[in-house]
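Engineer: At position 335 of the sequence shown the residue is numbered 335 (UniProt numbering), and the sequence of numbers has no breaks. Every residue, glycine too, gets a C-beta built ideally from N, C-alpha and C. I am attaching a structure below and will ask some questions about it afterwards.
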Amino acid sequence: MELCMGVVNGVSMSVVSVNPSPPSRSLLSPRNPISLHPFTSLRPPSSLSRQFQHLQPPPLSRSAVPASPSSSTAVSDDKDQLPADIIVTETREPNSRVKLSIQVPPEVCDDCYKRVMVEFMKQAKVPGFRPGKKVPESILVSHVGKRSVNKATVESILRRTLPHAMSSMTGTPLRDSVRIVTRFPEMEQTYSTLNSLRYEVVVDIAPELKWTPEEGYKNLKVVVELDSDIDAQKASEQELRRRHKSLGALRIVTDRGLQIGDLAVLDISATTIDQDEANVKNIPSAESKGYHFDTEDGDKVVPGFLESIIGIQRGETKSFPLFFPESWTQEELRGVNAQFNVECKELFYRDLPELDDSLAERLLPGGTTLKQVKEVLLQKFREMEQTAREQAADNAILDQLCKMVEVDIPQSFFEEQGRQLYGAKLLEIQASVKLNDEQLASLSSKKAVDEYLLNQKENITNMIKQSLAVGDIYKRENLQISTEEIVKEVENSIDEFKRQKQDYDEERVRGQVQEILEGAKVLEWLREHAEIQYVISFDDAQQHSSRHSLQHA
Numbered sequence: 001m002e003l004c005m006g007v008v009n010g011v012s013m014s015v016v017s018v019n020p021s022p023p024s025r026s027l028l029s030p031r032n033p034i035s036l037h038p039f040t041s042l043r044p045p046s047s048l049s050r051q052f053q054h055l056q057p058p059p060l061s062r063s064a065v066p067a068s069p070s071s072s073t074a075v076s077d078d079k080d081q082l083p084a085d086i087i088v089t090e091t092r093e094p095n096s097r098v099k100l101s102i103q104v105p106p107e108v109c110d111d112c113y114k115r116v117m118v119e120f121m122k123q124a125k126v127p128g129f130r131p132g133k134k135v136p137e138s139i140l141v142s143h144v145g146k147r148s149v150n151k152a153t154v155e156s157i158l159r160r161t162l163p164h165a166m167s168s169m170t171g172t173p174l175r176d177s178v179r180i181v182t183r184f185p186e187m188e189q190t191y192s193t194l195n196s197l198r199y200e201v202v203v204d205i206a207p208e209l210k211w212t213p214e215e216g217y218k219n220l221k222v223v224v225e226l227d228s229d230i231d232a233q234k235a236s237e238q239e240l241r242r243r244h245k246s247l248g249a250l251r252i253v254t255d256r257g258l259q260i261g262d263l264a265v266l267d268i269s270a271t272t273i274d275q276d277e278a279n280v281k282n283i284p285s286a287e288s289k290g291y292h293f294d295t296e297d298g299d300k301v302v303p304g305f306l307e308s309i310i311g312i313q314r315g316e317t318k319s320f321p322l323f324f325p326e327s328w329t330q331e332e333l334r335g336v337n338a339q340f341n342v343e344c345k346e347l348f349y350r351d352l353p354e355l356d357d358s359l360a361e362r363l364l365p366g367g368t369t370l371k372q373v374k375e376v377l378l379q380k381f382r383e384m385e386q387t388a389r390e391q392a393a394d395n396a397i398l399d400q401l402c403k404m405v406e407v408d409i410p411q412s413f414f415e416e417q418g419r420q421l422y423g424a425k426l427l428e429i430q431a432s433v434k435l436n437d438e439q440l441a442s443l444s445s446k447k448a449v450d451e452y453l454l455n456q457k458e459n460i461t462n463m464i465k466q467s468l469a470v471g472d473i474y475k476r477e478n479l480q481i482s483t484e485e486i487v488k489e490v491e492n493s494i495d496e497f498k499r500q501k502q503d504y505d506e507e508r509v510r511g512q513v514q515e516i517l518e519g520a521k522v523l524e525w526l527r528e529h530a531e532i533q534y535v536i537s538f539d540d541a542q543q544h545s546s547r548h549s550l551q552h553a
């Protein structure tokens, strides 16, 4: 087959001519030029300590062709020989979409008509004729119906010409994105009137990635902000203290006020502060009844709260103003001046056993000395700190990649990823909250999905860009995953499915495992080649954010 290209009125023209040579492989065949990674309901391999959950683009596959009500028509990957050339006009559209205008000459339409008549001849039971015997064309058409013959002929034309048209286009089509936009009745009318056919197809193609600057990913400079809570030494000490406290008994305080180390049961209420009392409002999110407050957790409440209630006794009430800083977690409370009223309902102190080797076994099963317990806990939290550092670095790197790439994302691609993400969210909700049929139907409705796609457009777009960037780097740098790694993780994943008695598709599991491993390999490569600066973010007594440089890599 030969392909002649040209430009007419600003659009590219291709003429597909047929010769006796075997047809080339159709671009509709299921192959995926971009290695992306799924974020779906499929459970990822549990044995992977850190997983990069990427998005999977709609794979390439056969495309559905709109069929008439009487029969179905599918596009085959195989292209049979046509008796004449078809003309394909290709026009690029936004969002990595291509429009194909296809002109089918009378010679091709006549050949399709003859094939349809042969099939009707084999299947039709015409009175007065034995099955399979030749029936005069006029009698056969009268028996089947002119309208049915025309419909079947149009479908045959589509079935035979669309693969040729698709193979002539530039770019690689995405699965299920091929859509004939010309209405079927319109095609019927054109064929009946002109004995030729013209129809239009739109198809989304695999998007092209542009790096700015080119290969900029090779010289990444990223700043990774770490939370002070991930400090291994501090976290291990807090865990040891928590375990030690769990071994003590609570005693009622009778002769003094609240001290550091005590636990109090408080009733808390709060109102806004305003010179005009008419504008004073309750702050429901800052209110609590029977709140169990551990004074060793004073850094987890609004600044100044602990200091304001030190010395409070059982049955006593204290009132004091506090300010919610701009860095406060609850957005609606940021910058709010509040008047707190706190009543102490109960007051306890902890009667703790002495912290020595005799508690080792109770603090840590198998522990023999206090020193050993401390070392084991410190090692555990060092591993967690390292994992947290790597995850934070991965997130920072992905954010950088997202800013460095430009891509025209196909709409079908965006919607597919958005629906997968929404489906995963819905599964999470179902796992934590029992939904009735009405709630589930509402959350699964097209309206709910469309609202999610609209509200999360930026997030979904960024995730797709990150995934495309990672897949591109994997190919550019010729990174490899060993077969042994894939086999091992597939086996672990399947074992996990079996333990949880869940259905699984082994081929899909294998594909996802490979893609997750590829993503992890890319991130590992990027960390090794990037200049990474770690900084720690913490809040002081006024909850002002500060930074302290920890390390330059």
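Please tell me whether L263 and L250 are closer than 8 angstroms, where the distance is taken between their beta carbons.
Structural biologist: As a first step, residue 263 must be located in the sequence shown, where it is residue number 263. As a first step, residue 250 must be located in the sequence shown, where it is residue number 250. Going by C-beta atoms, L263 is nearer than 8 angstroms to L250.
Engineer: Buried or exposed for R50, going by 16 or more other Cβ atoms inside 10 Å?
Structural biologist: Start at 1 with the first residue of the sequence shown, and residue 50 comes out as number 50. In this predicted model, R50 has a pLDDT of only 37, less than 50, meaning its place in the structure is not dependable; the value taken from the coordinates is given anyway. The residue in question, R50, is exposed, as its Cβ has fewer than 16 Cβ neighbours within 10 Å.
Engineer: What are the start and end residues of the alpha helix (DSSP H) that includes C157?
Structural biologist: On the sequence shown, position 157 is the one that residue 157 refers to. A small fix is needed here, since residue 157 is Ile in this sequence, not Cys. It spans 146-168 - the alpha helix (DSSP H) in which I157 sits, taken as one unbroken run.
Engineer: Excluding the 5 residues flanking R382 on each side, which residues of the same chain have their C-beta closer than 6 angstroms to its C-beta?
Structural biologist: Numbered from its first residue, the sequence shown carries residue 382 at position 382. Correct list, in chain order: A232.
Engineer: Would you decide whether A278 is buried or exposed? Buried here means 16 or more other CB atoms lie within 10 Å of its CB.
Structural biologist: Position 278 of the sequence shown, counting from 1, holds the residue named residue 278. That one is exposed.
Engineer: Assuming contact is defined by CB atoms lying nearer than 8 angstroms, are T461 and F413 in contact in what I supplied?
Structural biologist: Counted from its first residue, the sequence shown places residue 461 at position 461. Counted from its first residue, the sequence shown places residue 413 at position 413. In terms of Cβ geometry, T461 and F413 do not form a close pair [threshold 8 angstroms].
Engineer: Exposed or buried, T153, counting other C-beta atoms within 10 Å across all chains shown (16 or more means buried)?
Structural biologist: Start at 1 with the first residue of the sequence shown, and residue 153 comes out as number 153. Buried, by the Cβ-count rule.
Engineer: Classify G261 as buried or exposed, calling it buried when 16 or more other Cβ atoms lie within 10 Å of its own Cβ.
Structural biologist: Reading the sequence shown from its first residue, position 261 is the one you call residue 261. It is exposed - the Cβ of G261 has fewer than 16 other Cβ atoms within 10 Å.
Engineer: Can you tell me where the alpha helix (DSSP H) with residue 561 in it begins and where it stops?
Structural biologist: Outside the shown range of the chain, which is 1 to 553, sits residue 561, and nothing can be said about it.
Engineer: Using a 10 Å radius around the Cβ and a threshold of 16 neighbouring Cβ atoms, would you call T161 buried or exposed?
Structural biologist: Here residue 161 refers to the residue found at position 161 when the sequence shown is read from its first residue. By the 10 Å Cβ count, T161 comes out buried.
Engineer: Taking the alpha-carbon positions, what's the K114 to L100 distance?
Structural biologist: The residue labelled residue 114 in the question sits at position 114 within the sequence shown. The residue labelled residue 100 in the question sits at position 100 within the sequence shown. Taking the straight line joining both Cα atoms gives about 26 angstroms.
Engineer: Could you check how far apart the C-beta atoms of A165 and I102 are, in whole angstroms? I think they sit under 8 angstroms.
Structural biologist: Looking up residue 165 in the sequence shown gives position 165. Looking up residue 102 in the sequence shown gives position 102. Rounded, the Cβ-Cβ distance is 5 angstroms, consistent with contact.
Engineer: Consult DSSP for Q51 and reduce its assignment to one of helix, strand or coil.
Structural biologist: As a first step, residue 51 is located in the sequence shown; it is residue number 51 there, counting from the start. With a pLDDT of only 34 at Q51, under the threshold of 50, the placement of this residue in the model should not be trusted; the figure read from the coordinates follows. If DSSP states are grouped into helix, strand and coil, Q51 belongs with coil.
Engineer: Applying the 10 Å Cβ sphere with the 16-neighbour rule, what's the burial state of L194?
Structural biologist: One-based indexing of the sequence shown puts residue 194 at position 194. It is exposed - the Cβ of L194 has fewer than 16 other Cβ atoms within 10 Å.
Engineer: Which residue from N341, V141, V342, F348 puts its Cα closest to that of D255?
Structural biologist: By one-based count along the sequence shown, residue 255 stands at place 255. For D255, the nearest C-alpha among the options comes from F348.
Engineer: By a C-beta neighbour count over all protein chains shown, 10 Å radius and 16 as the cutoff for buried, is S537 buried or exposed?
Structural biologist: In the sequence shown, counting from the first residue as 1, residue 537 sits at position 537. With fewer than 16 Cβ atoms within 10 Å of its Cβ, S537 is classed as exposed.
Engineer: Does the distance from the CB of P325 to the CB of Q339 come in under 8 angstroms?
Structural biologist: In the sequence shown, the residue the question calls residue 325 occupies position 325. In the sequence shown, the residue the question calls residue 339 occupies position 339. No, these two residues do not count as a Cβ contact at 8 angstroms.
Engineer: Going along the chain, which unbroken runs of the alpha helix (DSSP H) with 4 or more residues stay wholly within the UniProt domain "Trigger factor C-terminal" (369-526)?
Structural biologist: 370-404, 411-432, 437-443, 446-455, 457-476, 483-499
Engineer: Does the Cβ of S467 have 16 or more other Cβ atoms within 10 Å, making it buried, or fewer, making it exposed?
Structural biologist: Residue mapping note: residue 467 aligns to position 467 of the sequence shown, counting from 1. Looking at its Cβ environment, which holds 16 or more other Cβ atoms inside 10 Å, S467 is buried.
Engineer: For T483, count the other beta carbons within 10 Å of its own beta carbon; 16 or more makes it buried, fewer makes it exposed. Which is it?
Structural biologist: Locating residue 483 in the sequence shown gives position 483, counting from the first residue. The residue in question, T483, is exposed, as its Cβ has fewer than 16 Cβ neighbours within 10 Å.
Engineer: Do you know offhand how far M169's Cα is from R92's?
Structural biologist: Position 169 of the sequence shown, counting from 1, holds the residue named residue 169. Position 92 of the sequence shown, counting from 1, holds the residue named residue 92. Rounded to whole angstroms, M169 to R92 spans 11 angstroms at the Cα level.
Engineer: Starting from S288, follow its DSSP beta bridges and name the residues at the other end.
Structural biologist: Residue numbering aside, residue 288 sits at position 288 when the sequence shown is read from its first letter. Answer by DSSP bridge pairing, in chain order: I268.
Engineer: From what residue to what residue does the beta strand (DSSP E) around S101 run?
Structural biologist: Within the sequence shown, numbered from 1, the residue matching residue 101 stands at position 101. Here the beta strand (DSSP E) through S101 covers 97-104.
Engineer: Within the same chain, show all residues whose beta-carbon is closer than 7 angstroms to that of A448, passing over the 5 residues directly before and after it, in chain order.
Structural biologist: Walking along the sequence shown from the start, residue 448 turns up at place 448. Cβ neighbours of A448 beyond the five flanking positions: S442.
Engineer: Looking at the secondary structure, which residues open and close the alpha helix (DSSP H) in which S308 lies?
Structural biologist: As a working note, residue 308 is residue 308 in the sequence shown. Its alpha helix (DSSP H) spans residues 305-309.
Engineer: What is the DSSP secondary structure of V181, reduced to helix, strand or coil?
Structural biologist: Taking the sequence shown and counting its residues from 1, the one referred to as residue 181 is at position 181. V181 falls in the coil class under three-state DSSP.
Engineer: According to DSSP, simplified to helix, strand and coil, what is N341?
Structural biologist: What you label residue 341 is simply residue 341 of the sequence shown in a count that begins at 1. Looking at N341 - three-state DSSP - the assignment turns out to be strand.
Engineer: Can the beta-carbon of V470 be found closer than 8 angstroms to that of P207?
Structural biologist: For the purposes of this step, residue 470 is taken as residue 470 along the sequence shown, with counting starting at 1. For the purposes of this step, residue 207 is taken as residue 207 along the sequence shown, with counting starting at 1. It is not a contact, given that the beta carbons lie outside the stated cut-off.
Engineer: Decide if N150 is buried, meaning its Cβ has at least 16 other Cβ atoms within 10 Å, or exposed.
Structural biologist: Translated into positions along the sequence shown, residue 150 becomes position 150. Its Cβ being crowded by 16 or more others within 10 Å, N150 is buried.
Engineer: Taking the alpha-carbon positions, what's the G298 to D351 distance?
Structural biologist: As a first step, residue 298 is located in the sequence shown; it is residue number 298 there, counting from the start. As a first step, residue 351 is located in the sequence shown; it is residue number 351 there, counting from the start. Near 20 angstroms, if we compare the C-alpha coordinates of D351 and G298.
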